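One structure is given below, encoded as structure tokens.
Protein chains: 2
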Amino acid sequence: MADELDRTDLKILRLLQANGRLSNADLAAAAAVSPATCHRRTQRLFEEGYLTGVRALVAPHKVDRGTLVMVGVVLDRSTPESFGAFEAAAAKLKFVLDCHLVAGDFDYFLKIRVGDMADFNRIHGQQLIALPGVRQTRTFFVMKEVVDNAPLEF
Amino acid sequence: MADELDRTDLKILRLLQANGRLSNADLAAAAAVSPATCHRRTQRLFEEGYLTGVRALVAPHKVDRGTLVMVGVVLDRSTPESFGAFEAAAAKLKFVLDCHLVAGDFDYFLKIRVGDMADFNRIHGQQLIALPGVRQTRTFFVMKEVVDNAPLEF
DNA sequence: CTATTAACGGAAGAATCTTCCATGGCCGAT
DNA sequence: ATCGGCCATGGAAGATTCTTCCGTTAATAG
Chain A
8 MADELDRTDL KILRLLQANG RLSNADLAAA AAVSPATCHR RTQRLFEEGY LTGVRALVAP
68 HKVDRGTLVM VGVVLDRSTP ESFGAFEAAA AKLKFVLDCH LVAGDFDYFL KIRVGDMADF
128 NRIHGQQLIA LPGVRQTRTF FVMKEVVDNA PLEF
Chain B
8 MADELDRTDL KILRLLQANG RLSNADLAAA AAVSPATCHR RTQRLFEEGY LTGVRALVAP
68 HKVDRGTLVM VGVVLDRSTP ESFGAFEAAA AKLKFVLDCH LVAGDFDYFL KIRVGDMADF
128 NRIHGQQLIA LPGVRQTRTF FVMKEVVDNA PLEF
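Taken in order, these protein sequences are the chains called A and B. Just so we're aligned, residue 8 is where the first sequence starts under the numbering used here, counting upward by one. Just so we're aligned, residue 8 is where the second sequence starts under the numbering used here, counting upward by one.
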């Protein structure tokens, strides 16, 4: 791990990951430093790329994205152009949460959020199998989200 | 979609998802309402569960979690006790980001972050195959993260 | 032992938050 | 059409917080 982080930095990272709305005053108290120091540390963590942003978490089922689907994708050919075209097209799809090039039986794994199964079936037929170079897809409907997007532990 | 959300609510949700550190003043300006109204709306979105939290995003490679792995898991038996035991144990593993019960060739899909491949091999041998009821696992190393944890679009 | 550097916390003006209150719009009932 | 009840809104203001400046302290090297 980057050893330019002391105990205070790690504490700030963990506290802000758990609660990105912590005020600088509260954060300082929890990290046992003065508000001035805490402010400098936090600013540095952003500037140097340890923290890449802060995001409010929207409840998927409240905005009609309650259905999660994992999709394995196999491409026709394994050329750089083929991969590039697929990635560019997949990254533009707004329902795609993850798109990862993997080693194994599939070329890509997608994690997708949609409203319901009917929604997914339409998307699958019209957008997924239409992605450039797709030979076949395998769909894994998520029946229970045991852990979803857990915070990073370090 | 829950239709108790008007245009202003949706704007606040999207703005806070993109930038959870927006001050109430800036948020109000961007949503074209007064700070007082913006504050009330935001508070309501939290209280009624549309927003479930705010989280700072830590750069994985900066904290020695630069390697992403997807793992498909098949259990021995398909009994409720078996599933329950597996889920309880998997949820406690700190390197597990996602754990989903799926329909298809696997029982569960895991998304895991570790330091490197050696790290994963140790974890796989000591912790994953040791999870209760595991018959077999299939590992998909992520070679390229095209899209990871994209914000929800709605 | 001294000089240099870097990080710290106190302090204070500026900005923001949070709540109260009066106003205005909308809808149903008369 | 008019009235009354009901919300939601925005202005205002005290309390809180942010952000920066500055003097001090601790650590390191010469």
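C-beta atoms are modelled at their ideal positions from N, C-alpha and C, and glycine is treated no differently. Everything numeric in this text was worked out from a predicted model, so none of it was measured.
Proximity test, Cβ basis, 9 Å: residue i and chain A
i	result
N128/B	no
L58/B	yes
L135/B	no
Distance between residue j and residue i (C-alpha atoms, nearest Å)
i	j	result
H68/B	M150/B	14 Å
A38/B	C45/B	8 Å
I119/A	P139/A	18 Å
A137/A	A97/A	10 Å
A35/A	L64/B	19 Å
V109/B	F116/B	7 Å
L20/B	L58/B	8 Å
D123/A	E160/B	15 Å
K18/A	T49/A	11 Å
L52/A	D112/B	42 Å
V154/B	F102/B	19 Å
F148/B	A43/A	43 Å
E11/B	H131/B	46 Å
E88/B	L100/A	38 Å
N156/B	D71/B	18 Å
E152/A	V78/A	15 Å
N31/A	G56/B	25 Å
A25/A	P158/A	7 Å
Q133/B	F127/B	10 Å
D13/A	D13/B	45 Å
T74/A	A125/B	34 Å
D114/A	F90/B	29 Å
V76/B	D33/B	39 Å
C106/A	E54/B	32 Å
Cutoff 9 Å: residue i Cβ touching any chain B Cβ
i	result
C106/A	yes
R51/A	no
A66/A	yes
G132/A	no
D123/A	no
R48/A	no
E88/A	no
K175/A	Not covered by the structure: residue 175/A. The range shown for chain A is 8 to 161.
A157/A	yes
R145/A	yes
L20/A	yes
L82/A	no
Proximal residues of chain B, C-beta to C-beta of residue i below 8 Å
i	result
M77/A	H107, V109, F116
Residue i in three-state terms, based on DSSP
i	result
T74/B	strand
L138/B	coil
D7/A	Chain A is shown only over 8 to 161; residue 7/A falls outside these bounds and no answer can be derived.
D16/B	helix
A66/A	coil
T44/B	helix
D112/A	coil
L22/A	helix
L159/B	coil
T86/B	coil
Residues of its chain near residue i, where Cβ-Cβ distance is below 7 Å and the 5 sequence neighbours each way are ignored
i	result
V61/A	G27
Q143/A	V81
L104/A	K118, I119, R120
T15/A	A38, V40, R48
S85/B	none
Partner residues on chain A for residue i, Cβ-Cβ distance less than 8 Å
i	result
G73/B	None at all; the shortest Cβ gap to chain A is about 10 Å.
A194/B	As displayed, chain B neither begins before 8 nor continues past 161, which places residue 194/B out of reach and without an answer.
Proximal residues of chain A, C-beta to C-beta of residue i below 9 Å
i	result
M150/B	H107, L108, V109, A110
Proximal chain A residues relative to residue i, where beta-carbon distance stays under 7 Å
i	result
P139/B	Result: empty, since nearest Cβ-Cβ is about 14 Å, beyond 7 Å.
R120/B	L159
Within chain B, partners of residue i - CB distance below 7 Å
i	result
G91/A	None at all; the shortest Cβ gap to chain B is about 10 Å.
A63/A	L23, Q24, G27, L58, V61
Distance cut-off 8 Å: residue i Cβ against heavy atoms of the ligand ZN
i	result
T59/B	What this structure holds is no ligand at all, so the ligand ZN is not there to describe.
Beta-carbon proximity list for residue i, same chain, < 6 Å, skipping 5 on both sides
i	result
R129/A	none
R145/B	G79
8 Å Cβ shell around residue i - same chain, five flanking residues per side excluded
i	result
V141/B	V80, V81, L82, D83, F93, L135
L29/B	L22, L23, A37
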